[in-house]
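The structure appears below as structure tokens.
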């Protein structure tokens with residue numbers, strides 16, 4: 001399990017658009033990814049869960065990851081948040097993880 005405590009610097013906090021990008025990125029990982037605010041947790045793969053946290057500018061959150069790719073998942077979520085929820089960054093992370101998945105599948109096929 002990995003975790004990181006941080007302040008949300010995005011001027012609008014986690015909006016529905018930001019939540020959608022976070023879900024897009026989080027869904028590429030096998031690990032459980034949680035966002036915690038004021039002792040309330042939401043799965044980062046759930047738009048409704050993220051919106052229920054009502055994260056605003058300046059709020060402090062903890063990102064928690066647990067699973068086989070927890071380190072990479074934490075780094076990806078952190079990168080997205082630090083980019084102020086940039087669509088370009090979300091797309092880059094998604095493409096990178098898809099490429100890794102495809103390579104892993106190719107390696108498994110070659111080993112059969």
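Numbering (UniProt numbering), first residue to last: 1 to 112. Glycine is no exception: its CB is placed at the ideal position from the N, C-alpha and C atoms. All values derive from a computational prediction rather than experimental measurement.
Query: Would you call the region 16 to 29 and the region 83 to 93 in contact, with 3 or more CB pairs under 8 Å?; Result: yes
Query: Run the CB neighbour count on residue 70, radius 10 Å, all protein chains shown included, and call it buried at 16 or more, exposed below.; Result: buried
Query: Is the region 57 to 65 in contact with the region 24 to 38, if contact means three or more CB pairs nearer than 8 Å?; Result: yes
Query: Would you identify the three-state DSSP class for residue 52, choosing helix, strand or coil?; Result: helix
Query: Let me know if residue 27 comes out buried or exposed under the rule of 16 or more other beta-carbons within 10 Å of its beta-carbon.; Result: exposed
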